[in-house]
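**Student:** Residue numbers (the working numbering): 12 to 458. Just so you know, even glycine gets a beta-carbon here, dropped at the ideal spot from N, CA and C. These numbers were taken from a predicted model, which means no experiment stands behind them. Handing you a structure now.
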Ligand code: SAH
Ligand code: SF4
Ligand code: F3S
């Protein structure tokens with residue numbers, strides 16, 4: 012079999028990153044070897060995201076660059092997958108006429124055949140059917156040789172239909188994987204050197220709702236916690252409306268569950284939360300934060316926030332800032348509202364002008380930077396356990412890893428530490444990372 016060089020570029024969230032890993036593993040036995048650079052590829056596969064207009068534009072401009080490559084090398088195949096491909100299907104060809112293959116989020120398993128058809132045919136192949144069950148949900152993704160951390164899909168799709176969000180429209184209905192298959196995959200990963208898993212789902216709290224065996228997320232966590240050789244468990248993302256007391260209790264009882272939760276709030280105004288169809292109030296949210304902190308005092312809480320949602324007044328925005336000041340997130344991802352075709356919010360009145368959204372976002376991010384720095388500074392002088400991932404990006408002589416609370420720590424050390432958990436005393440606290448020195452006594456563990 013002749014080998015072909017495959018270059019994959021991924022936009023979007025961790026689900027997309029993991030889909031790309033699965034695709035690379037799936038295509039390898041069919042003769043596709045990874046290419047280091049687009050210029051040396053026989054196939055360029057762009058895994059797109061459609062969550063905001065900016066994400067879509069980034070994918071289109073990259074596809075424009077790859078089209079120029081194809082003009083010089085006509086045998087190059089360009090494949091477009093992911094959420095934007097799912098949403099627009101054949102219409103993608105209007106913007107990227109040189110694309111050879113458009114495939115949707117439920118069709119990754121067909122890639123060997125789709126690529127062969129695209130290579131053989133004259134016109135583009137388009138496959139964006141939605142299926143009852145996503146066939147690639149449990150595909151293994153072979154971890155890199157020195158990887159210590161891996162993603163594991165526990166569920167696909169979303170049934171929540173938040174009014175701003177395109178995900179249910181491009182990923183389809185919620186579907187949970189069987190517990191046995193998840194446990195088996197994690198054991199397989201641990202045998203290959205993986206020490207930390209991040210469980211993926213758009214709303215992991217409703218894990219099990221499509222299964223008939225009484226499975227639920229807290230029970231899944233308890234079973235994963237028992238896997239020998241695994242050190243750390245993380246998960247993303249959690250919807251506040253479904254965050255149960257049982258799950259909160261897991262932060263206290265399950266030793267391997269890292270004391271970090273990403274709990275997107277989106278707005279601090281009840282009026283806006285209602286228009287977003289989030290189905291909780293600011294009081295519900297703050298109540299859950301309080302419970303999390305009393306179960307696990309050192310838990311790190313991160314979130315997502317949207318500014319400029321249709322109808323957001325200055326008073327609503329002030330409520331958002333007020334919630335931030337009360338909760339004091341460890342980190343926050345914040346976005347200007349971006350209208351997405353097909354979502355319910357497109358019909359809402361009261362569009363906020365771009366300059367106002369920009370202003371609101373800038374101020375909010377400045378406030379969050381103060382909170383992040385304040386939180387990071389509380390780590391000064393403390394001893395933490397760092398799972399070492401590799402060399403630091405900034406200084407080659409430093410190694411880099413994460414605390415259980417998901418903070419990046421750089422410290423002087425050797426490459427042989429990769430994959431190990433080492434105690435580090437924190438000596439420097441910055442906005443995006445901590446710095447430290449290796450030390451003997453460990454302080455920060457799970458709760
Ligand atoms: N499943 C996750 C979120 C996935 S999308 C959850 O339920 O929270 C990641 C983040 O992108 C969202 O939390 C939201 O803050 C942001 N986002 C989604 N749609 C958006 C839009 N139309 N405009 C701006 N931000 C958006
Ligand atoms: Fe989107 Fe809401 Fe589903 Fe998250 S829960 S993916 S924000 S619809
Ligand atoms: Fe983007 Fe799709 Fe993820 S829209 S955020 S890649 S689920």
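Compute the distance between the beta-carbons of residue 54 and residue 80, then report whether it is under 7 angstroms.
**Tutor:** To locate residue 54, count along the chain shown from 1; it is residue 43. To locate residue 80, count along the chain shown from 1; it is residue 69. No.
**Student:** Could you tell me the boundaries of the beta strand (DSSP E) in which residue 15 lies?
**Tutor:** Here residue 15 is taken as the residue at index 4 of the chain shown, counted from 1. Counting along the chain, the beta strand (DSSP E) containing residue 15 begins and ends at 15-21.
**Student:** Any heavy atom of ligand 1 inside 6 angstroms of the beta-carbon of residue 98?
**Tutor:** Numbered from its first residue, the chain shown carries residue 98 at position 87. Flag unset: Cβ of residue 98 not near ligand 1.
**Student:** Any heavy atom of ligand 3 closer than 6 angstroms to the CB of residue 178?
**Tutor:** The residue labelled residue 178 in the question sits at position 167 within the chain shown. The answer is yes for residue 178.
**Student:** At the level of alpha carbons, what is the spacing between residue 158 and residue 399?
**Tutor:** Taking the first residue of the chain shown as position 1, residue 158 is located at position 147. Taking the first residue of the chain shown as position 1, residue 399 is located at position 388. Distance between the alpha carbons of residue 158 and residue 399 is about 10 angstroms.
**Student:** How about residue 268 and residue 261: do their beta carbons lie closer than 7 angstroms?
**Tutor:** Translated into the one-based positions of the chain shown, residue 268 becomes position 257. Translated into the one-based positions of the chain shown, residue 261 becomes position 250. Going by C-beta atoms, residue 268 is nearer than 7 angstroms to residue 261.
**Student:** Taking Cβ positions, are residue 11 and residue 22 nearer each other than 7 angstroms?
**Tutor:** Any answer about residue 11 is impossible in this case: the structure gives the chain only from 12 up to 458.
**Student:** Output needed for residue 247: all residues of its chain with C-beta closer than 6 angstroms, excluding positions within five of it in sequence on either side, in chain order.
**Tutor:** Within the chain shown, residue 247 is the residue found at index 236, counting from 1. Around residue 247: 273.
**Student:** DSSP has residue 308 in a bridge; who is on the other side?
**Tutor:** By one-based count along the chain shown, residue 308 stands at place 297. Beta-bridge pairing links residue 308 to no other residue.
**Student:** Decide if residue 196 is buried, meaning its Cβ has at least 16 other Cβ atoms within 10 Å, or exposed.
**Tutor:** Position 185 of the chain shown, counting from 1, holds the residue named residue 196. With 16 or more other Cβ atoms within 10 Å, it is buried.
**Student:** By the three-class DSSP mapping on this structure, what secondary structure does residue 217 have?
**Tutor:** Locating residue 217 in the chain shown gives position 206, where the first residue counts as 1. Reduced to three states, the DSSP call for residue 217 is helix.
**Student:** Measure from the alpha carbon of residue 266 to the alpha carbon of each residue in 239, 249 and 387, then state which is nearest.
**Tutor:** Walking along the chain shown from the start, residue 266 turns up at place 255. Ranking 239, 249 and 387 by Cα distance to residue 266 puts 239 first.
**Student:** What residue range does the alpha helix (DSSP H) around residue 229 cover?
**Tutor:** For the purposes of this step, residue 229 is taken as residue 218 along the chain shown, with counting starting at 1. It spans 228-236 - the alpha helix (DSSP H) in which residue 229 sits, taken as one unbroken run.
**Student:** Does the distance from the CB of residue 165 to the CB of residue 188 come in under 7 angstroms?
**Tutor:** Along the chain shown, read from residue 1 onward, the residue named residue 165 stands at position 154. Along the chain shown, read from residue 1 onward, the residue named residue 188 stands at position 177. Their beta carbons are under 7 angstroms apart, which means residue 165 touches residue 188 by this criterion.
**Student:** What is the residue span of the alpha helix (DSSP H) that residue 367 lies within?
**Tutor:** Indexing the chain shown from 1 puts residue 367 at position 356. Residues 365-388.
**Student:** Does the region 117-128 come close enough to the region 24-35 that 3 or more CB-CB pairs lie under 8 angstroms?
**Tutor:** Yes: the two stretches touch, three or more of their Cβ pairs being nearer than 8 angstroms.
**Student:** Opposite residue 93 in the DSSP bridges: which residues?
**Tutor:** The residue given as residue 93 occupies position 82 in the chain shown. BP columns for residue 93 point to 59.
**Student:** With a 10 Å radius around its C-beta and 16 neighbouring C-beta atoms as the bar for buried, classify residue 441 as buried or exposed.
**Tutor:** Walking along the chain shown from the start, residue 441 turns up at place 430. Classification of residue 441: exposed, given that the 10 Å Cβ count is below 16.
**Student:** Can you give the Cα-Cα distance for residue 301 and residue 275, rounded to whole angstroms?
**Tutor:** Position 290 of the chain shown holds residue 301. Position 264 of the chain shown holds residue 275. Going by the C-alpha atoms only, they are around 15 angstroms apart.
**Student:** Using three-state DSSP, classify residue 439 as helix, strand or coil.
**Tutor:** Position 428 of the chain shown, counted from the start, is the residue given in the question as residue 439. In the structure shown, residue 439 sits in a strand (DSSP, three-state: E or B).
**Student:** Taking 8 angstroms as the cut-off, does the region 370-387 touch the region 313-329 (at least 3 CB pairs, one atom from each stretch)?
**Tutor:** Yes, they touch.
**Student:** Could you check whether the region 291-301 touches the region 176-185, counting it as contact only if at least three pairs of C-beta atoms, one from each stretch, sit closer than 8 angstroms?
**Tutor:** In short, these stretches do not touch, since the Cβ pair count stays below three.
**Student:** Rounded C-beta distance between residue 113 and residue 100? I'm assuming under 8 angstroms.
**Tutor:** Locating residue 113 in the chain shown gives position 102, where the first residue counts as 1. Locating residue 100 in the chain shown gives position 89, where the first residue counts as 1. Indeed, because the Cβ distance is near 6 angstroms, the residues count as touching under 8 angstroms.
**Student:** To which residues of the same chain is residue 103 closer than 8 angstroms at the C-beta, ignoring the five residues directly before and after it?
**Tutor:** Along the chain shown, one-based indexing puts residue 103 at 92. These residues qualify, in order along the chain: 91, 95, 96, 110 and 113.
**Student:** Curious, which full-length alpha helix (DSSP H) runs of at least 4 residues does the region 238-275 contain?
**Tutor:** Complete alpha helix (DSSP H) runs here, min 4: 256-264.
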